[in-house]
Amino acid sequence: MIIDAHFHIFPPLGRASVEEDPLQPLRMKFWQYHMRDSRRFRRKADDEPVPEPFLNWDSDDLNEMPEVNFRMADFGRAEITVDGVDYYTQAYPPSLINCEAPPERMIGEMDLVGVDMGVLQHDHIYGALNEYYGEQMRRFPNRFIGLAQVREWEADSPAEHERLEQAVCEHGLMGLYFSVEPFALSNYADHLDDARFEPLWEKVRELGIPVWWYLHSRQRDRLGGFMEHVAELDRWAAAHPDIPAVLTHGIDTFSMRRGEERYQIPDTLMTLLKRPNMHVEVLFCAFWPEYPFPGAQEKIRELREEIGVHKLMWGTDMPYCSGSWCTYKQAIDYIRVHCAFLSEDEKALILGGNAARMFNLQ
8 MIIDAHFHIF PPLGRASVEE DPLQPLRMKF WQYHMRDSRR FRRKADDEPV
58 PEPFLNWDSD DLNEMPEVNF RMADFGRAEI TVDGVDYYTQ AYPPSLINCE
108 APPERMIGEM DLVGVDMGVL QHDHIYGALN EYYGEQMRRF PNRFIGLAQV
158 REWEADSPAE HERLEQAVCE HGLMGLYFSV EPFALSNYAD HLDDARFEPL
208 WEKVRELGIP VWWYLHSRQR DRLGGFMEHV AELDRWAAAH PDIPAVLTHG
258 IDTFSMRRGE ERYQIPDTLM TLLKRPNMHV EVLFCAFWPE YPFPGAQEKI
308 RELREEIGVH KLMWGTDMPY CSGSWCTYKQ AIDYIRVHCA FLSEDEKALI
358 LGGNAARMFN LQ
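Residue numbers (the numbering used here): 8 to 369.
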């Protein structure tokens, strides 16, 4: 069984009304925050490039972001308005014609390259999709593994614990996706190992589900912020050894560092990944320019030697992968066809066996 550990389906992005989703205005802020470093803008009136950091600002507090009427448009574009002038940026692949990734299309993508299932990572930018994921899992059995979403900034509240229980027990979702990005609402006064979140982890234990973590906070000090969250997660993993967990999005330091040390994995991060309950997504095709990504292959070799092949889960971030850094076939074949140092059994673990074991699919 081949399982893509980082997959997406979603309705048209940014189109929900406030009546349909009361958090829709906040989700647009999360989108804008997610793209704060973007400089690839064009003026809509004449398509002239305007390489200005319109979305950046001198703070990590999401409430202090510039007001630019950030919005999603068709064909993977995002649009803003600054001083009465409209600009756009090609945020995502133009194949997202109306910024939608319907399940039928994404199943077709899987079928073309031989992928059986996709783990649906559940960031707030996509909407409140617990019910939507559950519906698609029922419509297309054995194709999707949905991760539940809670409001992390309120994750100590009984309402969020109930939301998680409903997502798992009523909608059939199979894990929790927990992101640090919403901590920007408190200017990062919250921490992953705060005692106030303990009731949430008790609920996770009760439900018998894993936690999938996103630690890229988009703070001004990207690397420093990420490593702070790594330290927090290490303490959490030590305190909750019975809860399986996954560090999503691969080794984020690869995209944050520059120079010769870019692809060195920090010791503190390696220490975290050696925790018995920790696993890591192998989203490495995003960080190297040319197929078959020999640098990525070497990192897989290093991780196999350092933490063990049983901790590695292949992921692609589809549908963004196929329009941003390689084809979907290349994203799997750099492991399936290449990585000659891996046995066929080891490849099978990385390409789905480890995820299947986590979700009790074997």
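Where a beta carbon is used, it is the ideal one built from N, C-alpha and C, also for glycine.
- prompt: Exposed or buried, which one is Glu205 when buried takes at least 16 other CB atoms within 10 Å?
  reply: Classification for Glu205: exposed.
His41, DSSP secondary structure in three states: Helix, per DSSP.
- prompt: Opposite Gln173 in the DSSP bridges: which residues?
  reply: For Gln173, which the question treats as bridged, DSSP gives no partner whatsoever.
Opening and closing residue of the beta strand (DSSP E) in which Ala85 lies: Residues 84 to 89.
query: Closest by CA to Glu86, which one among Asp241, Gln39, His286?
result: Out of Asp241, Gln39, His286, Gln39 has the C-alpha closest to the C-alpha of Glu86.
- request: Leaving aside the five residues before and after Glu161 along the sequence, list all residues of the same chain whose C-beta is less than 7 Å from its C-beta, in chain order.
  value: Cβ within range, chain order: Glu167.
- prompt: So does the segment 217 to 228 actually touch the segment 188 to 202, counting three or more Cβ pairs closer than 8 Å?
  reply: Remark: three or more beta-carbon pairs, one from each stretch, lie closer than 8 Å, so the segment 217 to 228 and the segment 188 to 202 are flagged as touching.
- prompt: Can you name, in chain order, every residue of its own chain whose Cβ lies under 7 Å from the Cβ of Leu279, other than the five neighbours on each side?
  reply: Cβ neighbours of Leu279 beyond the five flanking positions: Val237, Leu240, Asp241, Ala244, Met285.
task: With a threshold of 16 other CB atoms inside 10 Å of the CB of Leu254, please say whether the residue is buried or exposed.
output: Per the 10 Å Cβ criterion, buried.
message: One question on the structure: do Gly322 and Glu288 come within less than 7 Å of each other, judged by their Cβ atoms?
response: It is a contact, given that the beta carbons lie within the stated cut-off.
- prompt: How many angstroms separate the CA atom of Phe348 from the CA atom of Tyr94?
  reply: Whole-angstrom Cα-Cα distance: 48 Å.
message: Classify Leu119: buried if its beta carbon has 16 or more other beta carbons within 10 angstroms, exposed otherwise.
response: Under this definition Leu119 is an exposed residue.
message: So if DSSP puts Met325 in a beta bridge, which residue, or which two residues, is it bridged to?
response: The partner list for Met325 (beta bridge, DSSP) reads Phe14.
message: Considering only DSSP beta bridges, list what Trp220 is partnered with.
response: The partner list for Trp220 (beta bridge, DSSP) reads Phe185, Leu254.
task: Take every Cβ of the segment 303 to 318, pair it with every Cβ of the segment 101 to 109, and state whether three or more of those distances are shorter than 8 Å.
output: With the cut-off at 8 Å, the segment 303 to 318 and the segment 101 to 109 do not touch.
message: Please return the same chain residues whose Cβ sits closer than 7 Å to the Cβ of His345, not counting the five positions on each side in sequence.
response: Pro299, Gln304, listed in sequence order.
message: Restricting to Cα atoms, I'd like to know which of Val126, Phe77, Val92, Met79 is closest to Ile16.
response: Each of Val126, Phe77, Val92, Met79 was checked against the Cα of Ile16, and the nearest Cα belongs to Val126.
Whole-Å CB distance - Pro60 paired with Arg50, under 8 Å assumed: The beta-carbon separation of Pro60 and Arg50, rounded to 15 Å, does not stay under the 8 Å limit for a contact.
query: If we call anything under 7 Å between Cβ atoms a contact, is Leu154 one with Trp208?
result: Not in contact: Leu154 and Trp208 (Cβ atoms no closer than 7 Å).
- request: May I ask you to report which of helix, strand or coil DSSP gives Ile152?
  value: DSSP places Ile152 in strand when its eight states are reduced to three.
task: Drop a sphere of 10 angstroms on the beta-carbon of Glu159, count the other beta-carbons inside from all chains shown, and report buried for 16 or more, exposed for fewer.
output: With 16 or more other Cβ atoms from the protein chains shown falling within 10 Å of its own Cβ, Glu159 counts as buried.
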